[in-house]
Amino acid sequence: ILIMSTTKETVSVTGAGGFLGSWVVHNLLSKNYLVRGTVRDPLDAKNAHLKQLPHASTHLELVKAELLDYPSLLSAIQGCSGVFHVASPVPSSVVLNPQTSVYILYS
Numbered sequence: 171i172l173i174m175s176t177t178k179e180t181v182s183v184t185g186a187g188g189f190l191g192s193w194v195v196h197n198l199l200s201k202n203y204l205v206r207g208t209v210r211d212p213l214d215a216k217n218a219h220l221k222q223l224p225h226a227s228t229h230l231e232l233v234k235a236e237l238l239d240y241p242s243l244l245s246a247i248q249g250c251s252g253v254f255h256v257a258s259p260v261p262s263s264v265v266l267n268p269q270t271s272v273y274i275l276y277s
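Numbering (the working numbering), first residue to last: 171 to 277.
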C-alpha cells in the first residue's frame, strides 16, 4: 500500500522501463515520491514513455544500472528511503557460470 509522500522521499525502482516497473513509477509519481528509476540506457527511446508521465519532469530521474553490476546498483539506490525491485536480469548472451550469477544476485 502506497501512501502519499509529503516529505519528498526518494525511492528507487529497478527495471523502471519495463511493463511492471513503468506502472510502479507511475503510481509513485502520483503519490508525490521522488523516483530514481534504473534502466540499461536512460537515453534509449524505449524509456521515453517514462518522461511523459505526470510529474516526471520534476520527480523522476533515470539512471543507468545493470542488475549484475553491484556498484551500479549501489549507486542507484544510495540515499533512497526504499527500493522497489521489479527488474529481472536478461542476459545478452549465454550465461557461462550460472552459479556465479545466482551468487551475485542473492549475496
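Quick reminder that beta carbons are idealized off the backbone N, C-alpha and C, glycines included. These figures come from a predicted structure and were not determined experimentally.
I'd like to know whether the C-beta atoms of residue i and residue j end up nearer to each other than 8 Å.
i	j	result
Ser182	Val256	no
Leu237	Asn217	no
Gly185	Ser251	no
Leu234	Arg210	Checking the sequence, you will find Lys at residue 234 rather than Leu. Their beta carbons are under 8 Å apart, which means Lys234 touches Arg210 by this criterion.
Leu220	Ser192	yes
For residue i, which residues of its own chain have a beta-carbon under 6 Å away from its beta-carbon, when the five flanking residues on both sides are left out?
i	result
Leu223	His196 and Leu199
Leu204	Lys178, Thr180 and His229
Ser136	What is shown of the chain runs 171 to 277, which leaves residue 136 out entirely.
If you run the structure through DSSP and keep just helix, strand and coil, what is residue i?
i	result
Leu213	coil
Leu190	helix
Lys201	coil
Leu244	helix
His286	Outside the shown range of the chain, which is 171 to 277, sits residue 286, and nothing can be said about it.
His196	helix
What does DSSP give as the partner residues of residue i in its beta bridges?
i	result
Ser182	Arg206 and Val253
Leu230	Val205
Can you give me the Cβ contacts of residue i inside the same chain, cut-off strictly under 8 Å, excluding the 5 residues immediately before and after it?
i	result
Asp214	Gly187
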